[in-house]
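Residue numbering for the sequence shown follows this note's numbering, starting at 17 and increasing by one per position.
All C-beta atoms, glycine included, are put in the ideal place defined by N, C-alpha and C.
All values reported here derive from a predicted model rather than from experimental measurement.
First the structure, in the form of structure tokens, and then the observations on it.
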Amino acid sequence: MLIVKKFGGSSVADKERIFNVAERCIEDYRKGHDVIVVLSAMGKTTDQLIAKAEDINPLAPKREMDMLLATGEQVSVALMAMAMNSLGVPAVSLNAFQVQMHTTSTYSNSRFKRIDSERIRHELDNRRIVIITGFQGINKYDDYTTLGRGGSDTTAVALAAALHADACEIYTDVEGVYTADPRVVPNARKMKEISYDEMLELASLGAKVLHNRSVEMAKKYGVQLVVRSSLNRAPGTVVKEAVKMERMLVSGVAVDKNTARISVIGLTDEPGIAFKLFSLIAKSKINVDMILQSVGRDGTKDISFTIPRGDVREALDILEDNKNRITAQKIECEENIAKVSVVGAGMASNPGVAAKMFEALYNVGINIKMISTSEIRVSVIVDSKDADKAMQAAHDSFGLED
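Okay, here's the thing in structure tokens:
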């Protein structure tokens, strides 16, 4: 049996936790299983490296940022291999270059193209635990690339898919997938199982337990995931295609505080303007989420949209440089906002979900700035100071408490 185990940064934050992870992996190895371990950088290492880079050059090239950030995972995997060897178990650490984990050329947000399995198979055949850097790959120029924050989850799923693993286990500092962030909503309930589609929505909308691209890949290749705690033996949450449990109206609530709203005001109200605007954003590979267009008046219209906060500077520069081309009179940006979303497969056949959420926010005095809906989610933009209160209110209104 081949098992892929991924551990996040908090799970390997210090010596004690490194040995805890080593012992858990060795248990499966001693049962005769082949074990691949994917690790994130230790603790707050990535944040510290980013801070150092900003101190040197706030406008550092993305290629150099990836060179810097790729070092964090190399420290984790080398120390883990040392820990396992000290416990009498043969282990080898490999980075993305040694494995040959090929990605697209986009620095800081690359995607996997293929993974060469020959080196990994060789090490497994020699009965070694293989410990691989998460979050990183190499592009056609033989440069390191990174997959975006949380990308180690995607590394684990990609390896499980490429090697046809029997299990893919994602270990974190919480015991599974909850109806809301248990650190913010104390009465959040852990789910035994959740569908790929619901998990993908929650991950995309700010739930930090899984990287959204890892769920996307797991669904595409049929990789069943288990999200578990690295700190105890509690059963986790299974993420899979078909969920047998009785469907609740709403499965969970998520908050994304890493969002910003850009408003492009006074656009000419004519065909093709929206295309010109969003094609500029797309060329820079900036993901746009919610879009709101006003009703045309006096020959003009306004378009507002949300993007990740880290892309604000680049988006504003592009729009200012092309202000005349898109016929904009004014461009505004608001960063002190958050996106609050409710997700659930049961919503598709129930028209009252949005109204219930709006009522919950009204009852606690929270103003809604934008609204977006789909078959299995309702998202709203609120002031960032109201984000946690909004999540708690929405969570309680749908009876998701433990």
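- Item | Residue interval of the beta strand (DSSP E) (run including M386) | The residue given as residue 386 occupies position 370 in the sequence shown. Counting along the chain, M386 sits inside the beta strand (DSSP E) bounded by residues M386 to S390.
- Message: Which residue wins for smallest C-alpha separation from A410, given the options A234, R40, E89 and A204?
- Response: Along the sequence shown, one-based indexing puts residue 410 at 394. Comparing Cα positions, the closest option is A204.
- Measuring CA to CA, which of E214, I289 and I397 is closest to R277? Stepping through the sequence shown from its first residue, residue 277 is reached at position 261. Taking the Cα of R277 as reference, the smallest distance to any Cα among E214, I289 and I397 is reached at I397.
- Query: How should I72 be labelled, buried or exposed, when 16 other C-beta atoms within 10 angstroms of its C-beta is the threshold for buried?
  - Reply: Against the sequence shown, residue 72 aligns to sequence position 56. Counting every other CB atom within 10 Å of its CB across the protein chains shown gives I72 a total below 16, marking it as exposed.
- In this structure, does DSSP put E262 in helix, strand or coil? Position 246 of the sequence shown, counted from the first residue, corresponds to residue 262. Low local confidence applies: a pLDDT of 48 at E262 is under 50, so the model's placement there is unreliable, with the coordinate-based value given in what follows. Collapsing the DSSP output to three states places E262 in coil.
- Query: Who are the near neighbours of Y212 in its chain, counting only those whose CB is closer than 8 Å to its CB and skipping five residues on each side?
  - Reply: As a first step, residue 212 must be located in the sequence shown, where it is residue number 196. Contacts found: V231, A234, K235, V255, K256 and E257.
- Item | Contacting residues, own chain, Cβ-Cβ under 8 Å from L216 (five flanking each side not counted) | By 1-based counting over the sequence shown, the position of residue 216 is 200. N228, V231, E232 and K235, listed in sequence order.
- Query: Using the C-alpha atoms, what's the distance from L221 back to E139?
  - Reply: Against the sequence shown, residue 139 aligns to sequence position 123. Against the sequence shown, residue 221 aligns to sequence position 205. Going from the Cα of E139 to the Cα of L221 covers about 38 Å.
- Are there 16 or more other CB atoms within 10 angstroms of the CB of G360, so buried, or fewer, so exposed? The residue you call residue 360 lines up with position 344 of the sequence shown. Under this definition G360 is a buried residue.
- Residue closest to T454, alpha-carbon to alpha-carbon, out of S267, N36 and A176: Residue 454 cannot be examined here, being either before or after the span of the chain that is shown, 17 to 418.
- the stretch 305–320 contacting the stretch 285–296, beta-carbon criterion three pairs below 8 Å: Proximity of the stretch 305–320 to the stretch 285–296 meets the contact definition, three or more beta-carbon pairs being nearer than 8 Å.
- Ordered list of beta strand (DSSP E) runs contained in the stretch 131–191, each at least 3 residues: Segments of the beta strand (DSSP E) lying fully in the stretch 131–191: 145–149, 152–154, 160–162 and 183–188.
- With 16 as the cutoff for other CB atoms within 10 Å, does M407 come out buried or exposed? Within the sequence shown, residue 407 is the residue found at index 391, counting from 1. Residue environment analysis places M407 among the buried positions, since at least 16 neighbouring C-beta atoms fall within 10 angstroms of its C-beta.
- Message: My output table needs one value for V201: the three-state DSSP class, helix, strand or coil.
- Response: As a working mapping, residue 201 is identified with position 185 in the sequence shown. In the structure shown, V201 sits in coil (DSSP, three-state: anything other than H, G, I, E or B).
- Item | Residues bridged to G458 [DSSP beta-bridge criterion] | Absent from the structure is residue 458, since the part of the chain shown begins at 17 and ends at 418.
- Item | Alpha carbon of M81 to alpha carbon of K129, nearest angstrom | The residue labelled residue 81 in the question sits at position 65 within the sequence shown. The residue labelled residue 129 in the question sits at position 113 within the sequence shown. Each residue's CA atom was taken as its position, placing M81 and K129 some 21 Å apart.
- Query: Counting pairs of Cβ atoms below 8 Å between the stretch 182–193 and the stretch 152–161, do you hit three or more?
  - Reply: As far as the Cβ criterion goes, the stretch 182–193 does not touch the stretch 152–161, which means the pair count is below three.
- Exposure of G25, with buried meaning 16 or more beta-carbon neighbours within 10 Å: What you label residue 25 is simply residue 9 of the sequence shown in a count that begins at 1. When all chains shown are included, G25 counts as buried.
- Could you give the distance in angstroms between the alpha-carbon of L419 and the alpha-carbon of V54? The question about residue 419 has no answer, for the chain in this structure spans 17 to 418.
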